[in-house]
Amino acid sequence: MFKNTGCLSSIEYSSLMPDEDRLNEGPVAIIECPEHIPCNPCQQACPRGAIQPFQKITDLPVIQFDLCNGCGNCISVCPGLAIYVIEKNYTPDTSLMKIPYEMLPIPEKNDICDILSREGSVIGRGRVERVQKYAFNPKGRVVWVEIPKKLYKEARNVRMVKE
Amino acid sequence: MNLKDDNTIVCRCADVTLGEIKEAIRKGYTTLDEIKRLTRAGMGQCQGKTCRNLLLQIIANELHISPTDVELSRLRPPSVTIPLELLAKEDANEN
Amino acid sequence: MKTKAAVVVIGGGVIGTAIAYELTLRGVRDIVLVEKNTLFSGATARCGAGVRQQWGTEMNLRLSIGSVKRYETLAEELDYPHGIEFSQTGYFMPVYTEKQRQQFEKNVSLQRKFGLDVQYLQPEECRSIVPIVSLDGLLGATYYDKDGYLSPFHTTAAYAEAAKRNGVCIEKNTEVLGFTMEKETIRSVKTNRGDISCDCVVNAAGGWSQEIAQMAHVTLPLFSERHQILVTEPIEPLFRPMVMSFTHGFYTQQEPNGAILMGVGDPHEPKGYNMDHSYHFLHTVASLVTSVLPAVGKARVVRQWSGLYNISPDKAPILGLPKEVNNMFLAVGFSGHGFMVAPMVSEMIAQMITNEELSIPEARTQLDLGRYDRGERIVEPSVV
Amino acid sequence: MRIEKHPILEFKEKKKVSFFLDGKPVQGFEGEPIAVALFEQGYKNINESLVYHRPRGIFCCIGNCSSCLMKVDGIPNVRTCTKRIEEGMQVETQKREP
Amino acid sequence: MKQNCDVLIVGAGPAGLCAASVFVNTNVQVVVIERDPFLGGQLLKQTHMFFGSKEQYAGTRGFAISDILKESVLQAKNIHIFTETVAAGYYPEDGFMLAIEQDQTLHRIGFKKVIVATGASEKALIFENNDLPGIFGAGAVQTLMNMYGVAPGKEVIMVGSGNIGLIVSYQLLQAGISVKCIIEAAPVIGGYFVHAAKIRRLQIPIYTQTTIRKAIGTDSLEGVEIVSLDEKWQSIPGTERIESCDTLCLAVGLCPMSELLSQMQCETKYVPELGGSVAIRNHRMQCTNKDVYIAGDVAGIEEASSAMLEGYIAGVSIAEDLQIATPKHLVLRENSVEFLKAMRSGPIGEKICSGLKKVEESHV
Chain E
11 MFKNTGCLSS IEYSSLMPDE DRLNEGPVAI IECPEHIPCN PCQQACPRGA
61 IQPFQKITDL PVIQFDLCNG CGNCISVCPG LAIYVIEKNY TPDTSLMKIP
111 YEMLPIPEKN DICDILSREG SVIGRGRVER VQKYAFNPKG RVVWVEIPKK
161 LYKEARNVRM VKE
Chain X
135 MNLKDDNTIV CRCADVTLGE IKEAIRKGYT TLDEIKRLTR AGMGQCQGKT
185 CRNLLLQIIA NELHISPTDV ELSRLRPPSV TIPLELLAKE DANEN
Chain P
27 MKTKAAVVVI GGGVIGTAIA YELTLRGVRD IVLVEKNTLF SGATARCGAG
77 VRQQWGTEMN LRLSIGSVKR YETLAEELDY PHGIEFSQTG YFMPVYTEKQ
127 RQQFEKNVSL QRKFGLDVQY LQPEECRSIV PIVSLDGLLG ATYYDKDGYL
177 SPFHTTAAYA EAAKRNGVCI EKNTEVLGFT MEKETIRSVK TNRGDISCDC
227 VVNAAGGWSQ EIAQMAHVTL PLFSERHQIL VTEPIEPLFR PMVMSFTHGF
277 YTQQEPNGAI LMGVGDPHEP KGYNMDHSYH FLHTVASLVT SVLPAVGKAR
327 VVRQWSGLYN ISPDKAPILG LPKEVNNMFL AVGFSGHGFM VAPMVSEMIA
377 QMITNEELSI PEARTQLDLG RYDRGERIVE PSVV
Chain W
5 MRIEKHPILE FKEKKKVSFF LDGKPVQGFE GEPIAVALFE QGYKNINESL
55 VYHRPRGIFC CIGNCSSCLM KVDGIPNVRT CTKRIEEGMQ VETQKREP
Chain U
1208 MKQNCDVLIV GAGPAGLCAA SVFVNTNVQV VVIERDPFLG GQLLKQTHMF
1258 FGSKEQYAGT RGFAISDILK ESVLQAKNIH IFTETVAAGY YPEDGFMLAI
1308 EQDQTLHRIG FKKVIVATGA SEKALIFENN DLPGIFGAGA VQTLMNMYGV
1358 APGKEVIMVG SGNIGLIVSY QLLQAGISVK CIIEAAPVIG GYFVHAAKIR
1408 RLQIPIYTQT TIRKAIGTDS LEGVEIVSLD EKWQSIPGTE RIESCDTLCL
1458 AVGLCPMSEL LSQMQCETKY VPELGGSVAI RNHRMQCTNK DVYIAGDVAG
1508 IEEASSAMLE GYIAGVSIAE DLQIATPKHL VLRENSVEFL KAMRSGPIGE
1558 KICSGLKKVE ESHV
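Residue numbers (our numbering), protein chains in the order written: chain E, 11 to 173; chain X, 135 to 229; chain P, 27 to 410; chain W, 5 to 102; chain U, 1208 to 1571.
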C-alpha cells in the first residue's frame, strides 16, 4: 500500500505505534521504516538500548516501547527522517510531537505552524515549544511542537506560517 | 515509453528522430552500429552518452527482444572532445 | 538460409552489394550474399568516402570517371529515396615540390584528355578555392570540382536494398569457413550457418580477401594494413573540397554538417589486422593537417577509428579469376580506394560472370591477377 | 534566480565577474560555469540544434551532452556547463547555417 | 605532458577517493584525475544524510562525507590529484591514458594498474519536445541548485520516483522551489518509502501509472501533457491532462559510464539490474583486462556506501598486486567485503545481487 502512495495508511501506521496504555504513560519514539534498508544508526544512537540489536544491517528497527523514554536521540541520526516522538499527554488538551525538520523558515520557540498529516494535508495549528540542535548534525533540527491532543496519531509534520 | 510520436528527437546532437530510427530497424538494420551509421544517431558530439540507452530500448521494443540481446558496439576514443591544435602542439616523443 | 545458389557473394561492403545488384540487372537472381558481420561493417564503414577522378593512369581514370558518372544518378536508379548524399565539392591537391609539380602537370594533361576540366592553380589562386590554406611552401595545386564524396553507408544500403528487391538473399552474421572443392572448382561454400552449393563465388571480402582466397588454396599477393581516421565536431564552414596532400600523406574534408574528417597514411604501419586506435595517429594527423590548414585547429576531435586497406603490389585492384580456381571471381586489392570505383568494378565483375564484354575491355588483361606473373603493373603515381 | 536562503547549505558571497554574451555585458559569480551564469541571468535558450534549429539549454550540466555548446573567445563548441567564466570573456551563441 | 605512475585512478567520487586512501602512507605513486573542479563526485550535491553504518558515515550529509573522504587523500605526498581533468581515452599501443585538463593541457599518463571509478551518466527519456530548454536531468538540477545556488525554475514536475527523483524533489523544496508533482510510470514508487514519505508529508503528490506524453513550449518549457497508464503500460485515452510548469526534471535512472573499460578491452555485458553495460569482474573488482579494476557506479548502479566499499576493495587488491599490502589493508578489504554482503542481503539488495551474478567471475 505505502509503495503505491508513499504514505502509511492509518492501519499501517497504527500498527507501528505502541498501545494506548504506553502512549498515555509518556513520550515514546515511533519508527516508520518498513523496508529493510541497510542502515543502523538509530540502533547505535539509543542510550537505553530500546532499539533491538540488529542481526543484520538490513534488519528492520524494532523498538521496545517500555525501554524508550522519548529522548529523541534517534530522531536526529535517522537519515530517512523516519522517526518521531509523541508525548500524548503533554497537557490535558495537547500532545507534544518531536520531529526532524530541515526546511525554511527556521522555526523558533513559540512560532505558530500548520500541522500536516502524512499526506501533507493541513489538519490543524500548533506551536513550537523548542528547537533542538545537535553538534554532529549542525543543520539538522529536531522541533518540538505542541499540537491539539486529538491529532496525536495523524500529525506527522509541520510548516511554519511565519514570513 | 511513449513510442508513438515519430518526430520525437532521440539523438539530440544530430537531431535524429524516433521515426528515422524505427524506419532503419524496419528495413533490417537492427544493430547499434548499423543504426548509428545510417541515421547518425550516436555519432554526434556526445558520442551517444545521451541516446545510446534509448537506442537500445527502441531496438529491443521494435524487435520484441530484451535489451540484453541487442548487440553492443565498440566505443571508440576519445571519450571527450579534444581540440586538434592541442593534439598538434603536443610532442608525441617528449618524455 | 538457402542451401543452393547460382552465385555466392562473399562480403557485405559496397563492392559485394554492388556486384550482387549488378548481377540481378543481368538476369542472375539466384544469389546469396554472405557477410560475417553486418552490412557496411568493414572497410566500407571506415573509409574516408572521397571519390576523385584526378588519377595518373588511364585505367584508374576510366574506373573513377565511370564510377562518378554512375554515382551521380545512382540513388534514382536504385530507388533509394533518402539519397546517397553525393556531394561534388571537388578535390584540392596541393603541390610542394618541383618533382610533384611536374608529375601533377603531366597528370592534368592526361586528365584533360579524358575530358576532365582539372585546373592547375598557381599559389595565389589556391585561396580562392581553399581560403584557409597556408601558403607556406605551397607551389600550387590541382583542383577538380566534380570530385567529391558520398555516404558509404547509404550507398551500400541502397545497393543492398535494390539487390534484395531483385531477389538476392542477404545473410548477415554468416562467416565463410571454407569451400568444398572439386579439382579447380568450388562446389559449395561452408559457413557457420550451413553450406551453400553454388556455381560460382565472388570474393569481395575486403581486408579478409586473402584469407578467403586461401581457403580455396589461392595465394593472393595482398596484405591488409590499418588506416586510421578521425572526425571533429561540426564547426562553421571553413573549406569545401577534399584537401589531399601527397607530401604530407593526409586527406581531409568538411562534411555538409560541418564536421571535419581526416586521415593519414603511416609509412611505419605494420601489415596485419590490427584495428585499434592510436595516439600516434591522432598527433600526426593533427600536426600535419593544421600545418596546411591552421584554422582547422579549433575543431575538436570527437571520434577516431580505423579500418583495413587491402593492398596489392601496384595499389590497383585485382579483378577476375585466379589461374588455380575457375569459379572464384576476385574483386580485391583496392588498396584504399575501393569505394570510389565500386560502380565500375561491380559492373565489370557481373559482366565477367555473365560472359559479357567488359565496360573497360582492357581491364580483363590489365587488372587480372596474372599481371604480376607477367611482370605488368599499373604504375599509379598518385596514391596516398 | 539565486537561492538566497537554504536550510542546509551556505552559499557564500562571491566576486562578480563580467563577461559578454553576443556583445552584451552580463554578470556571474567567480567560479561559475558560463551556462550557469547565463541561466541565472535568465538566458535559458543558449544554443540551437544542428538540423532543425531547435532551442537548447542546459541539460546534463556536467559536460556529457551537447545541449549547451557555445563559442567562447573564438573557440567553437565549448561545453559551457563546465567551462567557467572569466572577466571579459566573449561568449557567442552558435547560429547554424539554415 | 607525459608522466608515469603506479596506480591511476579515474574519478574522485566516493569510490575513487576510498581507493586512493588505501595508498596513503605507502610509496606507491598514485595519480587521480577528476573532471569536476572539486572532489567527492555526486556526494557534494547531496544535502541529505546517508544510510548505512557508522563506518560508511551513515547519518552524515553527502557533502560532509566528501569532506571527510578527501581529507586524508589531499595530505598524501604520493597522491597527485588533477581536477578539471577528463580521461579522454586509453591508447594500448602507446601505453597510456590520455587526459585533458581544463581543455588546455594534455596529459599522457602511463600506469601499472588503473581503477576506473567514472561513475554514471543519467538516462534520458523519449517524449515529444524532450529537448526544450527547461527540461533537465536530475543531476543538472542538483548541480545548479546545490553547487551554484541557482534555482532551476519556479515550478517543477519530477519524472521518476526512484531515490533520485524523491531526493531531488526534497532538495527542491528545501531550496524554496515548488514541486508540482512526481510522476511515475510504474504502479509502485521506485525509491525508498522513507524518502517518498518525506515529500508526501510536504503535500507533494506522487502519481503512479502516469507518464509524460509531451513537453509544451516554444523557446522554453511552459507545461507538459501527462497521461495515465493501464497495467500493460499503455496510455488510457481520455486521461491526458496538461500541467503548467517551467521545469521538468528527469530522474529516470543512471547508466554506468563504461567507455574507458570498452577501450581497455575489458569484457562488458549489458545487465539491466546494474543500469547498463558493466565490466565482468572478479571479487577483487578486477576486470578481464587484469590491469584494470573498477569501483562505484561504473561497476553497477548502487549507493555511495557501496561505492566506497568497492573503492577499498579495488585499492587493496592493487596493493596486493604491487606487493605492498599490509595486514591492515587485508582487514580493510575483508571488512569491506563483509559490509557489502550485509548491505546487499535484504530485499532491496536482491536486484543488485541478481545483476552481479551475471558479471562476477567465480575465479580470481
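Where is the CB? At the ideal position from N, CA and C, for every residue including glycine.
Query: Collapsed DSSP secondary structure at S177 of chain P in the structure displayed; Result: coil
Query: Interface partners of V55 of chain W on chain X, CB under 9 Å; Result: A148, D149 and V150
Query: For C147 of chain X, the nearest candidate out of P:V328, P:G333 and P:L395 (CA to CA); Result: P:V328
Query: Among E:I47, E:P63, E:T15 and E:F75, nearest to S25 of chain E - alpha-carbon criterion; Result: E:F75
Query: T64 of chain P: contacting residues in chain X (beta-carbon distance under 7 Å); Result: T165, D167 and E168
Query: Listed by chain order, chain U residues near N14 of chain E by CB distance under 8 Å; Result: P1394, V1395, I1396 and T1415
Query: Partners in chain W for Q191 of chain X, counting only beta-carbon separations shorter than 9 Å; Result: Residues of chain W passing the Cβ test: none, with the nearest at roughly 18 Å.
Query: Reduced DSSP category for S1385 of chain U - H, G, I as helix; E, B as strand; rest coil; Result: strand
Query: Near-chain U residues of the segment 57-90 of chain E - C-beta to any C-beta below 7 Å; Result: K66, I67, T68, V87, P89 and G90
Query: Within 7 Å of chain X by C-beta, residues of the segment 328-340 of chain P in sequence order; Result: V328, R329, Q330 and W331
Query: Within-8 Å CB hit, E1596 of chain U to chain X; Result: There is no way to answer for residue 1596 of chain U, as the model of chain U reaches only from 1208 to 1571.
Query: Span separating the alpha-carbon of C1148 of chain U from that of P149 of chain P; Result: The requested residue 1148 of chain U is not part of the displayed model; chain U covers only 1208 to 1571.
Query: Neighbourhood of Y1477 of chain U by C-beta, 6 Å cutoff - its chain only, sequence neighbours within 5 removed; Result: S1484
Query: Distance between L264 of chain P and M287 of chain P (C-alpha atoms, nearest Å); Result: It should be noted that the sequence gives Leu, not Met, for residue 287 of chain P. In a straight line, the C-alpha of L287 of chain P is about 13 Å away from that of L264 of chain P.
Query: Local Cβ density within 10 Å of L70 of chain E, reported as buried at 16 or more and exposed below that; Result: exposed
Query: The segment 1321-1339 of chain U in contact with the segment 1211-1218 of chain U per 3-pair CB rule at 8 Å; Result: yes
Query: Under 7 Å from the C-beta of S1328 of chain U: neighbouring residues of chain W; Result: N68
Query: Proximal chain X residues relative to I1307 of chain U, where beta-carbon distance stays under 7 Å; Result: V214 and I216
Query: Own chain, CB closer than 7 Å to E1509 of chain U, minus 5 neighbours either side, in chain order; Result: I1559
Query: DSSP three-state assignment for W1440 of chain U, whether helix, strand or coil; Result: coil
Query: Exposure of Y56 of chain W, with buried meaning 16 or more beta-carbon neighbours within 10 Å; Result: exposed
Query: Residue range of the unbroken beta strand (DSSP E) whose run includes A158 of chain X; Result: No beta strand (DSSP E) contains A158 of chain X, which is instead part of the alpha helix (DSSP H) from L152 to R160.
Query: Reference F1245 of chain U; option with closest CA among U:Q1236, U:F1270 and U:M1256; Result: U:F1270
Query: 8 Å contact criterion, which N353 of chain P and T211 of chain P should meet: CB distance rounded; Result: 6 Å
Query: Same chain only: Cβ atoms within 7 Å of V171 of chain E, ignoring 5 sequence neighbours per side; Result: I122, C123 and D124
Query: Distance between V311 of chain P and Y130 of chain P (C-alpha atoms, nearest Å); Result: Per the sequence shown, the amino acid found at residue 130 of chain P is Phe instead of Tyr. Computed Cα separation, rounded: 24 Å.
Query: Integer-rounded CB distance, given that A39 of chain E should sit under 8 Å from I67 of chain E; Result: That belief does not hold up - the Cβ atoms of I67 of chain E and A39 of chain E are roughly 20 Å apart, past 8 Å.
Query: Unbroken beta strand (DSSP E) run spanning L49 of chain P, endpoints; Result: Looking at the DSSP string, L49 of chain P is not in any beta strand (DSSP E); the run it does join, the alpha helix (DSSP H), is V40 to L51.
Query: Nearest-angstrom Cα separation, counted from E1438 of chain U out to K419 of chain P; Result: There is simply no residue 419 of chain P to check, as chain P begins at 27 and stops at 410 in what is shown.
Query: C-beta neighbour in chain X for N51 of chain W, strict 8 Å; Result: no
Query: Buried versus exposed call for W1440 of chain U [16 or more other C-beta atoms within 10 Å across all chains shown]; Result: exposed
Query: Within the segment 128-192 of chain P, ranges of the alpha helix (DSSP H) (whole runs, at least 4 residues); Result: 149-155 and 178-191
Query: For C72 of chain W, the three-state DSSP class (helix, strand or coil); Result: coil
Query: Residues that DSSP places opposite Q1493 of chain U in a beta bridge; Result: U:Y1500
Query: Contact list for the segment 71-84 of chain W against chain X, Cβ threshold 9 Å; Result: S71, L73, I79, N81 and R83
Query: Exposure of F1303 of chain U, with buried meaning 16 or more beta-carbon neighbours within 10 Å; Result: buried
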